[in-house]
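A.B. asks:
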Amino acid sequence: MFSQILPLIKRLSNSATLTTFASYATRTVSVLIVLPLILSRFSIEEIAAWYLFATFISMQLLIDLGFSPTFTRVIAYALGGAEDLSDKRSISKTKMTGSPNWVLIEKIWNTMRVVFLRLTFVAFFLSLIIGTWFLVKPLSALQDSFSGWLSWAVIVVVTSFSLWNGSYVSFLQGMNKVALQKRSEAIISLLSILTSFIVLRSGGKLLALVLANQMWVMINIAWNRYLCRSIEPKLFTAWKKFKTHPKVLSVVWPSAWRSGLGIVMSQGVVQATGIIYAQFGSAASVASYLLALRFIQMVSLFSQSPFYSKLPLMAKLRAEGRIEEQVTVAQRGMRLAYWVYAIGFIGIGLLIHPALQYIGSKAEFVSSDLWVLIGITFFIERYGAMHIQLYSTTNRIVWHIANGISGIMNIIFIFLTYSSLGVYSFPLGILVSYMGFYCWYAAMHSYREFNINIVQFESKTILPPLLTLILYSLLVTSGIL
């Protein structure tokens, strides 16, 4: 019997989707084990500071400017045998060799090292100057503000190195080693959670928790480097050159800056709402909003794994001209992603209030109607984001248009309505901008490029989980739940 189970375990551990699920599932473990201790043992000011740190870490990684997904994509093209990195909308013009193009992969690697080294320095100085300025008020409110500032110094240094880690992750995922990278990430994340639990149970405060977390971030970077070297030893021997190749950069840069601008104008604006709110709101209201934002981002991140784990495969299929297979893989990933999101969002909505009361949380959760609004908003975001990712496998990037225009719409809406709507203006601004431009623009490109029948495709993909979400929202807003 064991001989039958062993192959199954091996197959599951080598599944890109399941290992990505496992990596994201550790966030859930953190919520169950670490979060209750933070909410019950930290002061309101410390809770707000902790989630502001998490927000800044997310924003600091936006300095990546879209290079990570772009390099992952072009490495996948080269792995599929592409002799050039041209626009993949015209498959007939793509030259294929049928085997990995190692010469091109080496050029991509060398260029990638230079780019990420520069980004590391940019991240460090921007965080040191801009991040510090925005943290003056929240950290000054701490009883031990010195420990707060020391925690921030550690985060600035370590998160800057995390950008350098982007070169390792891009290489691993581009080489279709998603399962290997995510499996390792999940294990290290669990060890980080265990360390955080021990620190908090031992009476550790904000600084101790930050040190425990950031130590494992550095270990993860070192491990990813080891994995890269185990796949291709030449990376740090014969290929060890800090050299940009103009032809590679000329293809990567247009895609990267468009992707980067799109990410900044979408995720960046969302993250910025918490930072801006911290400058005006009370510590209690800020902690409440950041807690809800963290939960919905966790659900959104967890729901990405069925689709995003298949992006390198979809890019490879695109390079090989197997378009029907690519669409099939995309549809299956989207369908599962929507259901994971819907179940996660509804589950949190039903359990969060009694759970916080049970653990004696010092921070309250947002009202049910605000949670419903946030949940619907990010569900709509998933629709547009997955379609724009699918279209991006053509190596033609429209993120800067989709997210740029919707980001401007969002900022204008918040500016005009914050005084009257307060915190509600943040999710409403996102919803209006996504419905008004982002989603239909992104989906339009995807449908046209892949000749997708909207009714046939979406009736089996987004419609069932969307109806489930709407039913739950109606029950909540009517007071039944």
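Numbered per our numbering, the sequence shown spans residues -5 to 475.
For each residue, glycine too, the CB sits at the ideal point set by N, CA and C.
To the nearest angstrom, report how far apart Met212 and Ser156 are at their CA atoms.
C.D. replies: Answer to the nearest angstrom: the Cα atoms are 8 Å apart.
A.B. asks: Work out the CA separation of Ile290 and Ala72 for me, nearest whole Å.
C.D. replies: Distance between the alpha carbons of Ala72 and Ile290 is about 36 Å.
A.B. asks: Of the choices Ile464, Ser253 and Leu56, whose alpha-carbon is the least far from that of Phe118?
C.D. replies: Phe118 has its Cα closest to that of Leu56, out of Ile464, Ser253 and Leu56.
A.B. asks: Kindly confirm or deny that the region 234 to 253 and the region 33 to 52 touch, where touching means at least three C-beta pairs closer than 8 Å.
C.D. replies: No, because fewer than three Cβ pairs between the region 234 to 253 and the region 33 to 52 fall closer than 8 Å, the two stretches do not touch.
A.B. asks: Select from Leu345, Met259 and Lys304 the residue whose C-alpha is nearest the C-alpha of Ala396.
C.D. replies: Ranking the options by Cα distance to Ala396, first place goes to Met259.
A.B. asks: On a CA-only basis, which of Pro421, Ile215 and Asp138 is nearest Val264? Give me that one, please.
C.D. replies: Comparing Cα positions, the closest option is Pro421.
A.B. asks: I'd like the list of long-range same chain contacts for Leu350, defined as Cβ closer than 8 Å, with 5 residues on each side in sequence excluded.
C.D. replies: Leu33, Ala357, Glu358 and Phe359, listed in sequence order.
A.B. asks: Please list, in chain order, all residues of the same chain as Met106 whose beta carbon is under 6 Å from its beta carbon, the five residues on each side excluded.
C.D. replies: Excluding residues within five positions, the ones whose Cβ falls inside 6 Å are Phe65 and Ser161.
A.B. asks: Measure the Cβ-Cβ separation of Met380 and Phe301 and say whether it is below 8 Å.
C.D. replies: Cβ atoms of Met380 and Phe301: closer than 8 Å.
A.B. asks: Counting beta carbon pairs with one atom in the region 126 to 145 and one in the region 189 to 204, are three or more of them shorter than 8 Å?
C.D. replies: Touching, yes, given that three or more Cβ pairs across the two stretches are closer than 8 Å.
A.B. asks: Let's test the definition: count the other Cβ atoms within 10 Å of the Cβ of Phe140 and tell me whether it reaches 16, buried, or not, exposed.
C.D. replies: The residue in question, Phe140, is exposed, as its Cβ has fewer than 16 Cβ neighbours within 10 Å.
A.B. asks: Taking the Cβ atom as the reference point for each residue, do Thr114 and Ser154 lie within a distance shorter than 8 Å?
C.D. replies: Yes, they are a contact pair.
A.B. asks: State the Cα-Cα distance for the pair Ile408 and Leu465, rounded to the nearest angstrom.
C.D. replies: Near 28 Å, if we compare the C-alpha coordinates of Leu465 and Ile408.
A.B. asks: Since I believe Tyr352 is in contact with Cys433 (beta carbons under 8 Å), could you give me their beta-carbon distance rounded to a whole number of angstroms?
C.D. replies: Between Tyr352 and Cys433 the Cβ distance is about 38 Å, and since that is not below 8 Å, they are no contact.
A.B. asks: Count the other C-beta atoms from every protein chain shown that fall within 10 angstroms of the C-beta of Asp363, then say buried if there are 16 or more, exposed otherwise.
C.D. replies: By the neighbour-count rule (16 or more Cβ atoms within 10 Å), Asp363 is not buried but exposed.
A.B. asks: Considering only residues of the same chain and omitting the five flanking positions on each side of Ala70, which have a CB-CB separation below 6 Å?
C.D. replies: Here the set comprises Gly168, Pro306, Ala309 and Lys310.
A.B. asks: Would you mind reading off the limits of the alpha helix (DSSP H) that contains Gln137?
C.D. replies: That residue, Gln137, is in no alpha helix (DSSP H); it is neither H nor E in DSSP.
A.B. asks: Mapping the DSSP letters down to three states, classify Ser86 as helix, strand or coil.
C.D. replies: In this prediction, Ser86 has a pLDDT of 46, which is less than 50 and means its spatial position is unreliable; what the coordinates show is noted afterwards. Reduced to three states, the DSSP call for Ser86 is helix.
A.B. asks: Nearest by alpha-carbon distance to Trp44: which of Ala135, Phe61, Val116 and Gly60 is it?
C.D. replies: That would be Ala135, whose Cα lies nearest to the Cα of Trp44.
A.B. asks: Looking at the structure shown, is Ser37 part of a helix, part of a strand, or coil, going by DSSP?
C.D. replies: Three-state result, Ser37: coil.
A.B. asks: Do you know how far the Cα of Glu179 is from the Cα of Lys241?
C.D. replies: Each residue's Cα considered, the two are about 33 Å apart.
A.B. asks: Just how far apart, CA to CA, sit Leu133 and Leu185?
C.D. replies: Near 28 Å, if we compare the C-alpha coordinates of Leu185 and Leu133.
A.B. asks: Using CA atoms only, rank isn't needed, just tell me which of Tyr271, Lys131, Ala19 and Asn207 is closest to Arg177.
C.D. replies: Checked all of Tyr271, Lys131, Ala19 and Asn207; the closest Cα to Arg177 is Ala19.
A.B. asks: Could you tell me which of Ala272, Gly369, Ile182 and Tyr418 sits nearest to Ile215, measuring between CA atoms?
C.D. replies: Comparing Cα-Cα distances from Ile215 to each of Ala272, Gly369, Ile182 and Tyr418, the minimum goes to Ile182.
A.B. asks: Measuring alpha carbon to alpha carbon, tell me which of Ile424, Val323, Leu98 and Ser427 ends up nearest Val245.
C.D. replies: Closest option to Val245, Cα to Cα, is Leu98.
A.B. asks: Determine contact between the region 398 to 412 and the region 312 to 327, defined as no fewer than three beta-carbon pairs at a distance below 8 Å.
C.D. replies: No, they do not touch.
A.B. asks: Comparing C-alpha positions only, which one of Gln208, Gln54 and Gln175 sits nearest to Ile187?
C.D. replies: Of the candidates Gln208, Gln54 and Gln175, the one whose C-alpha sits nearest the C-alpha of Ile187 is Gln208.
A.B. asks: Pull up the distance between the alpha-carbon of Pro348 and that of Gly354, whole angstroms please.
C.D. replies: Going from the Cα of Pro348 to the Cα of Gly354 covers about 10 Å.
A.B. asks: Start and end of the alpha helix (DSSP H) containing Val109?
C.D. replies: First-last of the alpha helix (DSSP H) with Val109: Trp96 to Leu120.
A.B. asks: Under DSSP, the alpha helix (DSSP H) around Ile370 begins and ends at which residues?
C.D. replies: Ser362 to Ser386 is the extent of the alpha helix (DSSP H) around Ile370.
A.B. asks: To the nearest angstrom, how far is it from the Cα of Ile342 to the Cα of Leu31?
C.D. replies: Taking the straight line from one Cα to the other gives about 18 Å.
A.B. asks: What three-state label does DSSP hand Leu287 in the structure shown?
C.D. replies: Three-state result, Leu287: helix.
A.B. asks: Enumerate in chain order the residues of its own chain whose CB-to-CB distance from Val116 is below 7 Å, with the five nearest sequence positions on each side excluded.
C.D. replies: Answer for Val116: Ile57, listed in chain order.
A.B. asks: Is His394 helix, strand or coil when you go by DSSP?
C.D. replies: In this structure, His394 counts as helix in the three-state DSSP scheme.
A.B. asks: Please list the segments of the alpha helix (DSSP H) lying wholly inside the region 247 to 330, counting only runs of 4 or more residues, in order along the chain.
C.D. replies: Those alpha helix (DSSP H) runs which fall completely within the region 247 to 330 and span 4+ residues are 263 to 274, 277 to 302 and 305 to 313.
A.B. asks: With a threshold of 16 other CB atoms inside 10 Å of the CB of Lys171, please say whether the residue is buried or exposed.
C.D. replies: Buried is the call here.
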